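Read top to bottom, the protein sequences are chains C and H.
As numbered in full-length UniProt numbering, residues 1 to 581 make up the first sequence, in order.
As numbered in full-length UniProt numbering, residues 1 to 167 make up the second sequence, in order.
One structure is given below, encoded as structure tokens.
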Amino acid sequence: MELITGAEILVRCLKEEGVECMFGYPGGAVLHIYDALYAQDDIKHVLVRHEQAALHAADGYARASGKTGVALVTSGPGLTNAVTGIANAYMDSIPLVVFSGQVPTALIGNDAFQEVDAVGITRPCVKHNFLVRDIKQLAETVKKAFYIASTGRPGPVLIDLPKDVTITKAEYHYPKKVKLRSYNPTVKGHAGQIRKAVDLILSAKRPMLYTGGGVILSDGSPELVELTQLLGYPITNTLMGLGAYPATDHQFIGMLGMHGTYEANMAMHECDVLIAIGARFDDRVTGKIDKFCPTAKIVHVDIDPSSISKNVQVDIPIVGSVPSVLRAMISVIRDEKLKPDAEALASWWRQIDEWRDVKSLHYKNSDTVIKPQYVIQKLYQVTEGKAIITSDVGQHQMWAAQYYHFDRPRQWINSGGLGTMGFGLPAAMGAKLAFPDQDVACVTGDGSIQMMLQELSTMKQYHTPVKIVNLNNGYLGMVRQWQEFFYQKRYSMTYLEALPNFVMLAEAYGHVGMRIEKPGDVEGALREAFAMKDRTVFLDFITDQSENVFPMIPSGGGQNEMLLAERDEMVSTHDEGMVLL
Amino acid sequence: MNNNNRHLISILMENEAGALSRVANLFSARGYNIESLTVAPTDDPTLSRLTLVTNGNEQIIEQIVKQLNKLIDVVKLVDLSETDAIERELMLIKTKAVGEQRAEMKRLAEIFDGHILDVTDATYTIELTGRSEKLDNFLNAVEKDAVLEVVRSGTTGIARGQKSLHA
Ligand SMILES: Cc1cc2nc3c(=O)[nH]c(=O)nc-3n(C[C@H](O)[C@H](O)[C@H](O)COP(=O)(O)OP(=O)(O)OC[C@H]3O[C@@H](n4cnc5c(N)ncnc54)[C@H](O)[C@@H]3O)c2cc1C
Ligand SMILES: Cc1ncc(C[n+]2csc(CCOP(=O)(O)OP(=O)(O)O)c2C)c(N)n1
């Protein structure tokens, strides 16, 4: 019987789970683990420059690859630095397993050096967490953590590891399977509900498919495409669901919600049957709840019962996983040769095409100042729509979502639920490590990029050549936009004076920097950058400082109360809306 | 739809460190009310039984039940208010007992099926069990000035009939 240390057990467990790449930062409490990692080379460990980045990188890796991301941080400040990244993954339901060091069990509760209550601090933002007090439970706990993180509605799971547990010796035994009597997600939808849903769906005169991140998380894109094309219905995606249905297909009518297209939001408002799939009726999507889809009967497919009828009461709930439920729906429709109401559908499409003709994403280009939308359009052309795009948070995020047309799932990686500035760069690094042969670009802003800039150093060390597309407007643009509209242009603390010279900064980290000031240089710069396959290039685009994101539904507005660029006077929003901001 | 009804929810949980905080955390994080909460291990030492009283409209209660079920440590739960259930709460109450009060208090305790557990020359300590309303009624019946201390356990309950909650 071979006895090995907890740290060695942990590393073996990770290998058994097929972990190839993990992200972390060392410290006293995890030194034994780092020593065990040193002794092997199956798992690549990426040393970030800040623990938040370890989480975002593991998260980007997970979103791009569909695998569970893994991060390792030390106790105390290591863990507290990681919390933002954990919360970010939690809000977007991303599977992660996070290991944090902890002070030795005998010292827990004594305010020992670098002690924080990791399990307590993270409890509200993890799917589950564990404190391993007994070496005998280590392997099984790791198994459980991977199982919980990656099944059902995915999410981050934290394992807190007291230092003594990592040096104590025990026999290694990794369970082949775990069964938790208290956790058993429903995958298969209820046949009766599916039947009812199909009947309602086919009876629709003005149907609408509204799908979200759940389709991507469950790899349900093929089923979604098949069902949508079988029905011939219009489809919209949430910010998190982009790419699940090809954006260049005619049936796709754009993103919905606060910055969604006119046609998507109008169709939501006017539809009579709404088919919601793996989407959670977020407030950025619904606007004011009592004005949401006023005439629709709603079918909702979601694996998490608590997502259903949380914000909006639905008529036919189906608890189950997207691919399984959609396959069942497709079978019923095919087997019984059911057909939608062709006449009604044709007239619905005529209506939608009229809304489309409004061209809500039209913007006035300029030949003197770079429009941010134009940069994204050129990025799309230069990469032929094929790059993996990560984003930070702000106006640039919305423009990336609107003007880069995502045709495949896991191509668009952004922080939707928590909206974490700083996410984009480490996420791009994670995505590049998952797919070294694909082009990866990080669309960012001058505010966001400065939140995780130190990762340029990690990217040099591990050679992850990504293209950084900085839409530099000198402002915290998204906040400035709101101040312009709702605070009578009182730009309180949104002007970023004394921005660094990003070109020199990139060069200081060993990368290539480019500053682009003229619209005529945008495309050439992008081509040049993407031609440098093995270099990280920081493209600093100096863009129009006053550009705003349109269309926009001001908070408190209904889906049909959209503001379109250059056409509408911005009316000051109602008091109720000001609360919702 | 908007009337706030009282619900008695009984939960079987893994008897793990922190299980109770997960429930308490959930209620505070999501702004749900907890009127009372009791918890103790069961005959199966790997399980705890937790009973809580909350209130809210139908929609809120539905979310509470779903959110509780979503906690990994929750094995099973039942909303006892939806079935015919037996509810009990324990109350310990210390009252003044001097002069005429002594006989009066003793009589009142008897009427409510209470037991006097401790006697001094100036106080009684009385034990009462029953539905919460019965305990409230007792407190209303006792003259206010006489009450020195009240300790209530919070409500716990079990379904009537053959149905039982187990893992
Ligand atoms: C600045 C900013 C602006 C924004 N503006 C918009 C906007 O205009 N429009 C917009 O849409 N969003 C916008 N968002 C994003 C928004 O905040 C939410 O993150 C987003 O709307 C949620 O997307 P979702 O409904 O697809 O849910 P997700 O967060 O992706 O949740 C996925 C859902 O799918 C379910 N699920 C998971 N796995 C499965 C499975 N196997 N089977 C079935 N179901 C499953 C989950 O239970 C959950 O309900 C914005 C964010 C920011 C930061
Ligand atoms: C960590 C964090 N802090 C604050 C915010 C609030 N916030 C949302 S967008 C934004 C401005 C982003 O500015 P920038 O990155 O320059 O992008 P732009 O909007 O100009 O494109 C801010 C401050 C946030 N989302 N995240």
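Built from N, CA and C at the ideal position, the CB exists for glycine as well.
In this text, all values refer to a predicted model and were calculated from it rather than measured experimentally.
For C:Tyr-172, no Cβ of chain H is located within less than 8 Å of the residue's own Cβ. A straight-line Cα-Cα distance of about 6 Å links C:Gln-481 and C:Asn-548.
In this chain, the beta strand (DSSP E) harbouring H:Ile-158 covers 156–159. Residue contact check for C:Pro-104 against chain H: no CB pair falls below 8 Å.
Annotated as proximal: H:Thr-95 and H:Thr-123, with beta-carbon spacing under 8 Å. If one requires a minimum length of 3 residues, the beta strand (DSSP E) runs lying completely within the stretch 21–50 of chain H are 36–41, in chain order. Contact check for C:Ala-36 against C:Leu-55 fails: the beta carbons are separated by 8 Å or more. Residue environment for C:Arg-334: exposed (fewer than 16 other C-beta atoms within 10 angstroms of its C-beta). Going by DSSP, H:Arg-88 is part of the beta strand (DSSP E) stretching over 85–96. Only residues of its own chain outside the window of five on either side were considered, and among them Ile-376, Ile-389, Ser-391 and Val-443 have a CB closer than 7 Å to the CB of C:Ala-400, listed in chain order. Sorting H:Ile-60, H:Gly-56 and H:Ser-10 by C-alpha distance to the C-alpha of C:Ser-307 places H:Ile-60 at the top. Rounded to the nearest whole angstrom, the CA to CA distance from C:Tyr-34 to C:Ala-118 is 20 Å.
Restricting attention to beta strand (DSSP E) runs no shorter than 3 residues, the stretch 142–176 of chain C encloses them at 156–162 and 169–171, ordered along the chain. Within chain C, the C-beta atoms nearer than 8 Å to that of H:Ile-72 come from Lys-127, His-128, Ile-148, Leu-180, Ser-182 and Tyr-183, in chain order.
Contact of H:Gly-56 with chain C is not assigned, every C-beta pair being separated by 8 Å or more. A distance of 8 Å or more separates the beta carbons of C:Tyr-210 and C:Ile-289.
Contact between C:Lys-143 and C:Thr-5 does not hold, since the beta-carbon distance rounds to 18 Å and is not under 8 Å.
Note on C:Lys-364: under 16 other CB atoms within 10 angstroms of its CB, so exposed under the neighbour-count rule. For C:Phe-99, the enclosing beta strand (DSSP E) covers residues 96–102.
For H:Glu-14, the closest Cβ of chain C is nearer than 8 Å.
Around C:Ser-546, the same chain offers no residue with a beta carbon nearer than 7 Å, after the five sequence neighbours per side are excluded.
Our two residues, C:Leu-476 and C:Ser-331, have alpha carbons roughly 49 Å apart in a direct line. Excluding the 5 residues flanking it on each side, C:Met-459 has same chain C-beta neighbours closer than 6 Å at Met-429 and Thr-536, in chain order. C:Ser-65 sits away from C:Leu-79, with the two beta carbons spaced by 8 Å or more. Contact between C:Tyr-245 and C:Leu-217 is ruled out by a C-beta separation of about 15 Å, above the 8 Å threshold. Here the stretch 552–566 of chain C makes contact with the stretch 283–300 of chain C; the two share three or more CB pairs at distances below 8 Å. Each of C:Phe-541, C:Gln-313, C:Asp-534 and C:Lys-136 was checked against the Cα of C:Asp-521, and the nearest Cα belongs to C:Phe-541. From the listed residues C:Cys-21, C:Glu-20, C:Ala-7 and C:Gly-243, the smallest Cα separation to C:Lys-136 is found for C:Ala-7. Residues of the stretch 312–325 of chain C that bring their beta carbon within less than 8 Å of a beta carbon in chain H comprise Gln-313, in sequence order.
DSSP, reduced to helix, strand and coil, places C:Ala-204 outside both helices and strands of the structure shown, so it counts as coil. Relative to the Cα of C:Ser-182, the nearest Cα in the group C:Asp-302, C:Ile-148 and C:Val-215 belongs to C:Ile-148. Look at C:Met-22: its beta carbon is at least 7 Å from all of the heavy atoms in ligand 1. Collapsing the DSSP output to three states places C:Gly-520 in a helix. Between H:Asn-5 and chain C, the shortest Cβ-Cβ separation is not below 8 Å. Judged by beta-carbon spacing, C:Ile-413 lies within the 8 Å limit of C:Gly-60, meaning their Cβ atoms are closer than that value.
The bridge partners DSSP lists for H:His-7 are H:Thr-54.
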